[in-house]
Amino acid sequence: MPDTAIPRRPKPSVDRTPAAVGTARHVVIVGAGFGGLACAQALAGSEVRVTVVDRRNHHLFQPLLYQVATAALSPADIASPIRSILSRANNIDVVMGEVRAIDHAGRRVLLADGGHVPFDTLVLATGSAYNYFGHDEWARHAPGLKSIRDARRLRARLLRSFEEAESCALPGRRSALLTTVIVGGGPTGVEMAGAVAELARFTLRRDFRRIDAHEARIILVEAGPRLLASFSPETSDYAAASLRGLGVEVRLGAKVTDVSDGAVTIDGASVEAATLIWAAGIRALAPASLGFEVDRAGRIEVADDLSVPGRAGVFALGDAASFSQDDHPLPALAQVARQQGTHLGRALLAGTTRPFRYVSRGDTAVIGRHAAVFDAGRWHLRGRVAWLLWALVHIYLLVGFDKRLQVGLKWLWRYTTFERGARLIDEEEPATQSGPGHSSRDGEHPLRRLATVREGVDGD
Ligand SMILES: Cc1cc2nc3c(=O)[nH]c(=O)nc-3n(C[C@H](O)[C@H](O)[C@H](O)COP(=O)(O)OP(=O)(O)OC[C@H]3O[C@@H](n4cnc5c(N)ncnc54)[C@H](O)[C@@H]3O)c2cc1C
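First residue of the sequence shown? That's 38 in our numbering, and the numbers climb one at a time after it.
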């Protein structure tokens, strides 16, 4: 075969903006999450030329990720292609690419593939990642839920642990395989704990012959004195009682001091657990190379109109922004990001910025089939009514009628049957996320270890 390889030359940076549509202003929005998308939608159909840049091709409804991880929903139920969401807006282009840096002098964002996108106005809505508070090495063993991939991996981990426990004759290992530890008692941790408990106690009970559902141990660890710290104390108590009713061990005021391969140290005592889930605290995702002043959580400091001080025409919003209202930082919530996105989009359309003010529409979290909480000002709803409100709010917020219908029907089905249709192990266990049963601690291949266990069962 003749050598047809073309000699590599350094690639010139390519302008990745699709062909200009003839208006002077060009707004570039980085991130098509809740905030970025809301901003783009507010500008849709206008004279302003907009380019949305995202490293993913889809908008993800993160609040329902835990339902994918616990097999209640499928990934496609909670994600929509960004292009299709914005397809009717002729003034908006979409670029799939990861922003690595900003050339402030040249007014362009630089992409990981070497391309660039010039801007007149820049909106940063890059969201957040989990915060391991100085222990980033824990992320390998106790992953958080941020992407569809995370959710599918977690689902595979949970289901695989049950599969292995079914054929495991060694009590200690079996118990570790059936143990899930969730770190962080905010809404994500609470929802995850409730969903794993229901999965273990009700759904899998029917499928497995040798596992007693009560063997499944779910531990929720919270360093603070109560769960759901941003809700009322009564709501926190209700959440803890509901979880305990589902068999979850709620440990309040407990500190995680070490996380390793398949084990976590809680208040000095080591607990072996096949599944460790991190849901404690976040940090902004805006890369340090973007060159902004950031707070301790890595969020870009913004003024009251969401502009970045000292950077003309640059704005930040959502989880990526540090915004204080009445001397309190706004929480990292989808509704904050959406309101900020809509506010900024309208302001850019009007050609003049004005102060943003967040109006809470209430906080909600679901604990189980009959238990949810909904705090809105003086209103504190709990139980079935709150569950119904939670379901309606989430269905309404999903993007697209098809998704709303699918998810609504699935919830109705699950509500009446406890069935979780998406119980698929479709992810290989990544080498870095092994637990008991997949452990590489002692250098033993996971399948070999499983074979040894099977021999034990067969020999019984
Ligand atoms: C598991 C979980 C449960 C949650 N539950 C709730 C809830 O019940 N209620 C609630 O209100 N909030 C909830 N939240 C929080 C809520 O999802 C966030 O506050 C919200 O998503 C923030 O919106 P955003 O637009 O700032 O960022 P995101 O929605 O995270 O979007 C950021 C976007 O930026 C893109 N991006 C990031 N970096 C780059 C880059 N360098 N280049 C290009 N693109 C980039 C990402 O791909 C992503 O599409 C939950 C979050 C999680 C993780």
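For each residue, glycine too, the CB sits at the ideal point set by N, CA and C.
Select from the options the residue whose C-alpha is nearest the C-alpha of residue i.
i, options, result
"ARG92", "SER273, ALA69, SER83 and SER111", "ALA69"
"ARG421", "LEU434, TYR433, VAL296 and GLY405", "GLY405"
"ASP332", "ASP341, ALA321 and ASN168", "ALA321"
"ASN94", "VAL67, PRO100 and VAL85", "VAL67"
"VAL131", "ILE139, ARG197 and ILE122", "ILE122"
"ARG144", "VAL136, THR158, ALA237 and GLU135", "THR158"
"ALA374", "ARG186, SER359 and SER269", "SER359"
"ARG238", "MET229, SER111 and ARG254", "ARG254"
"VAL160", "ARG53, LEU182, PHE71 and SER198", "PHE71"
"PHE199", "SER124, THR294, LYS447 and THR107", "THR107"
"SER184", "ARG120, VAL220 and LEU101", "LEU101"
"ALA365", "ILE119, ILE462, HIS380 and ASP341", "Looking at the sequence shown, residue 365 is not Ala but His. Nearest option by C-alpha distance: ASP341."
"VAL403", "ARG62, VAL233, ALA193 and ASN127", "VAL233"
"THR294", "ARG186, GLY347 and PHE170", "PHE170"
"TYR103", "ALA193, PRO118 and LEU381", "ALA193"
"ARG419", "GLU271, ALA138, ASN127 and LEU367", "GLU271"
"ASN128", "LEU147, ASP114 and ARG62", "ARG62"
"ASP114", "ILE139, ASP439 and ARG391", "ASP439"
So, at 7 Å on beta carbons, what are the nonlocal neighbours of residue i in its own chain, with the 5 sequence-adjacent residues on each side left out?
i, result
"SER307", "ALA300"
"ALA369", "SER165, ILE319 and ASP356"
"SER269", "ASP412 and HIS417"
"VAL430", "THR401"
"VAL345", "PHE329, ILE337, VAL339, VAL351, PHE352 and ALA353"
"ILE119", "ALA69, VAL89, ASP91, ASN94, HIS95, HIS96 and VAL131"
"VAL58", "With a pLDDT of only 41 at VAL58, under the threshold of 50, the placement of this residue in the model should not be trusted, and no figure is reported."
Once you ignore the five residues that flank residue i on each side, which residues in its own chain have a CB closer than 8 Å to its CB?
i, result
"SER273", "ARG263, LEU264, LEU265 and ALA266"
"ASP249", "none"
"GLN376", "ALA75, PHE393, TYR395 and VAL396"
Please say whether residue j and residue i have beta carbons closer to each other than 9 Å?
i, j, result
"GLU286", "ILE256", "yes"
"SER397", "GLY378", "no"
"VAL65", "PRO155", "yes"
"LEU191", "THR389", "no"
"GLU135", "ALA149", "yes"
"LEU289", "GLU259", "yes"
"LEU215", "ALA206", "no"
"GLY152", "VAL218", "no"
"GLU338", "PHE329", "yes"
"GLY181", "GLY222", "no"
"GLU309", "SER212", "yes"
"GLN99", "ALA317", "no"
"LEU327", "LEU343", "no"
What does the Cβ neighbour count give for residue i, buried or exposed, with the cut at 16 atoms within 10 Å?
i, result
"ARG243", "exposed"
"SER361", "exposed"
"ASP479", "Only weak support is given to the placement of ASP479: the predicted model assigns it a pLDDT of 35, under 50, and the question is left unresolved by the model."
"TRP424", "buried"
"LEU442", "exposed"
"THR6", "Past the boundaries of the shown model lies residue 6; the chain is included only from 38 to 497, so the question cannot be answered."
"ARG394", "exposed"
"HIS251", "exposed"
"ASN168", "buried"
"ARG86", "buried"
"THR88", "buried"
"ASP304", "exposed"
"TRP427", "buried"
"ALA109", "buried"
"GLY231", "buried"
"HIS172", "exposed"
"GLU228", "buried"
"ALA142", "exposed"
"ALA162", "buried"
"GLY347", "exposed"
By Cβ distance below 6 Å, which residues in the same chain neighbour residue i in space, the five residues on each side in sequence not counted?
i, result
"LEU434", "none"
"VAL296", "TRP175, HIS178 and ALA179"
"VAL105", "PRO112 and ALA188"
"LEU74", "HIS96"
"GLU195", "Checking the displayed sequence, the identity of residue 195 turns out to be Leu instead of Glu. Excluding sequence neighbours, LEU195 sits near THR312."
"MET133", "ASN94"
"GLY445", "ILE432"
"LEU34", "With the chain covering 38 to 497 only, the question about residue 34 has no answer from this structure."
Under 9 Å between C-beta atoms, does residue i make it to chain D?
i, result
"ARG406", "Among the chains in the structure shown there is no chain D, since it carries only a single protein chain."
Cβ of residue i versus every heavy atom of ligand 2: is any distance shorter than 8 Å?
i, result
"GLU203", "Ligand 2 is absent from the structure shown, which contains only ligand 1."
Practice task
Check whether the segment 383 to 396 touches the segment 78 to 95, taking contact to mean three or more Cβ pairs, one atom from each stretch, closer than 8 Å.
Solution key: yes
Handout entry: Sufficient close CB pairs (3 or more, under 8 Å) joining the segment 400 to 414 to the segment 275 to 283
Key = yes
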